[in-house]
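Residue numbers (my numbering), protein chains in the order written: chain R, 1 to 159; chain D, 160 to 347.
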């Protein structure tokens, strides 16, 4: 488009938003530019069309339907007492609530992982006899159990 | 209560005042419905948008900050709801205006009796409306919203800039481009 900057000025002129100086400059340009004269006529026609086609009927039932629907929601909220309040808060702050739940879940997961890692370290570093004692096995049953383990792995290493 | 300001009404709505709701519906339903009808091009969708807007007004009434233009806040919500609800139908190109196939049924006895215009004029006017709404659907979203807010809802360029989250100068350029596009669309 050869005269892009004038397009906005033409549009503003039709709305009465151009100052005197701008208007004079535009009129001078329009005298010399055939393209912008044609554009001015088009924009003027569209502006007129838009301004004269404002009326649109609103369906009669719509106000009643909306009032009934929202009022019902209001009554639900107020009638439910504390549950309604919680429901309202959950709806309003659903993003915050969901984010909070996710963060808490991640924290719990992280802590659990850390704890399990700690137990695994303890188990791997504790002699088998001590572990069995911790689990409540007697000295006799420990010997039997460890004997089975030694038999199984055949290495004679206490694990 | 009808003389109450929008700020007072929205405060009352947040407290669950049904009278405030009724007044807000009376005051703003025509604007909301007409915006969404021109924006979506679908009457039943526009009705759903209007209902959802009032529900969101109730649920988010506390978020309205005093001092901010109520109309700007309202039309931001209306535009967002229109985008949300129209998205599943965005593939549709044709406009389904109720009654467009049988214009005569749209006239009430009152509209015919008031003598402001003849039946032929009203048919022609309705046809013109339908053509404009059809053409609006072909415009890019922001151009469409800007045109509707400017020419049908009488928002200033600064208010439109606030609704569309753009600068005033970019809204001016948007409007000029939209009108040029509309001129081309209405010519064909």
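Virtual Cβ for every residue (Gly too), placed ideally from N, Cα, C.
Are the C-beta of residue i and some C-beta of chain R separated by less than 8 Å?
| i | result |
| --- | --- |
| residue 338 of chain D | yes |
| residue 299 of chain D | no |
| residue 240 of chain D | no |
| residue 272 of chain D | Confidence at residue 272 of chain D is low in this model, with a pLDDT of 41, below 50, so its placement is unreliable and the value that follows should be read with caution. No, its Cβ sits nowhere closer than 8 Å to a Cβ of chain R. |
| residue 186 of chain D | no |
| residue 229 of chain D | no |
| residue 189 of chain D | yes |
| residue 236 of chain D | no |
| residue 179 of chain D | no |
| residue 345 of chain D | yes |
| residue 332 of chain D | yes |
| residue 261 of chain D | Here residue 261 of chain D scores only 41 on pLDDT, less than 50, and its place in the model should not be relied on; the value that follows carries that caveat. Cβ-Cβ to chain R under 8 Å: no for residue 261 of chain D. |
| residue 306 of chain D | yes |
| residue 167 of chain D | no |
| residue 255 of chain D | Annotation note: pLDDT 47 at residue 255 of chain D (below 50); position unreliable, no value reported. |
Going by DSSP, what residue range makes up the alpha helix (DSSP H) through residue i?
| i | result |
| --- | --- |
| residue 39 of chain R | 34-52 |
| residue 345 of chain D | 327-346 |
| residue 239 of chain D | 229-245 |
| residue 177 of chain D | 177-199 |
| residue 313 of chain D | Careful: residue 313 of chain D lies outside any alpha helix (DSSP H) and carries neither H nor E. |
| residue 15 of chain R | Segment: none, residue 15 of chain R is in no alpha helix (DSSP H) and carries neither H nor E. |
| residue 298 of chain D | Careful: residue 298 of chain D lies outside any alpha helix (DSSP H) and carries neither H nor E. |
| residue 209 of chain D | 202-218 |
| residue 168 of chain D | 165-173 |
Closest Cβ-Cβ distance between residue i and chain D: below 8 Å?
| i | result |
| --- | --- |
| residue 95 of chain R | no |
| residue 112 of chain R | no |
| residue 71 of chain R | yes |
| residue 11 of chain R | yes |
Cβ of residue i within 7 Å of any heavy atom in the ligand GTP?
| i | result |
| --- | --- |
| residue 49 of chain R | Only the bare structure without any ligand can be found here, which leaves the ligand GTP out of the picture. |
Show which residues of chain R have a CB atom less than 9 Å away from the CB atom of residue i.
| i | result |
| --- | --- |
| residue 287 of chain D | 49, 52, 53 |
| residue 220 of chain D | Near residue 220 of chain D there are no residues of chain R at all, since even the closest Cβ is about 10 Å away, more than 9 Å. |
Given that residue i touches chain R, what residues does it touch there, using C-beta distances under 8 Å?
| i | result |
| --- | --- |
| residue 170 of chain D | By Cβ distance, chain R contributes nothing, its closest Cβ being about 14 Å from residue 170 of chain D, past 8 Å. |
| residue 342 of chain D | 42, 43, 45, 46 |
| residue 291 of chain D | 49, 50, 53 |
Which chain D residues sit within Cβ distance under 8 Å of residue i?
| i | result |
| --- | --- |
| residue 106 of chain R | Neighbours of residue 106 of chain R on chain D: none; closest Cβ ~29 Å, over 8 Å. |
Give me the chain R residues within the contact set of residue i, using Cβ-Cβ distance strictly less than 7 Å, ordered along the chain.
| i | result |
| --- | --- |
| residue 310 of chain D | 50, 51 |
Report the neighbours of residue i on chain D: residues whose CB is nearer than 7 Å to its CB, in chain order.
| i | result |
| --- | --- |
| residue 86 of chain R | By Cβ distance, chain D contributes nothing, its closest Cβ being about 14 Å from residue 86 of chain R, past 7 Å. |
| residue 62 of chain R | 188, 192, 206, 209 |
| residue 67 of chain R | 180, 181, 184 |
| residue 7 of chain R | 335, 339 |
Give the interface partners of residue i over in chain D, defined as CB-CB distance under 9 Å, in chain order.
| i | result |
| --- | --- |
| residue 78 of chain R | 175 |
| residue 39 of chain R | 339, 342 |
Pairing CB atoms from the region 180-196 of chain D with CB atoms from the region 303-315 of chain D, are three or more of them under 8 Å?
-> yes
Between the region 228-240 of chain D and the region 328-344 of chain D, do three or more beta carbon pairs fall short of 8 Å?
-> no
Contacting positions in the region 45-57 of chain R - beta carbon closer than 9 Å to chain D | 45, 46, 47, 49, 50, 51, 52, 53, 54, 55, 56, 57
Three or more C-beta pairs below 8 Å linking the region 212-220 of chain D and the region 100-113 of chain R = Not touching, per the Cβ criterion.
Between the region 324-335 of chain D and the region 2-14 of chain R, do three or more beta carbon pairs fall short of 8 Å?
-> yes
Please name the residues in the region 312-330 of chain D whose beta-carbon is closer than 9 Å to at least one beta-carbon of chain R, in chain order.
-> 316, 328
Residues within the region 22-35 of chain R neighbouring chain D, beta-carbon criterion of under 7 Å | none
Hey, is the region 62-71 of chain R in contact with the region 176-185 of chain D, meaning 3+ C-beta pairs nearer than 8 Å?
-> yes
With a cut-off of 8 Å, do at least 3 Cβ pairs link the region 287-307 of chain D to the region 47-56 of chain R?
-> yes
Any chance the region 199-210 of chain D sits against the region 165-172 of chain D, with 3 or more Cβ pairs inside 8 Å?
-> no
Residues of the region 193-216 of chain D with a CB closer than 7 Å to any CB of chain R: list them in chain order, please.
-> Residues passing the 7 Å Cβ filter: 193, 196, 206, 209, 210, 213, 214.
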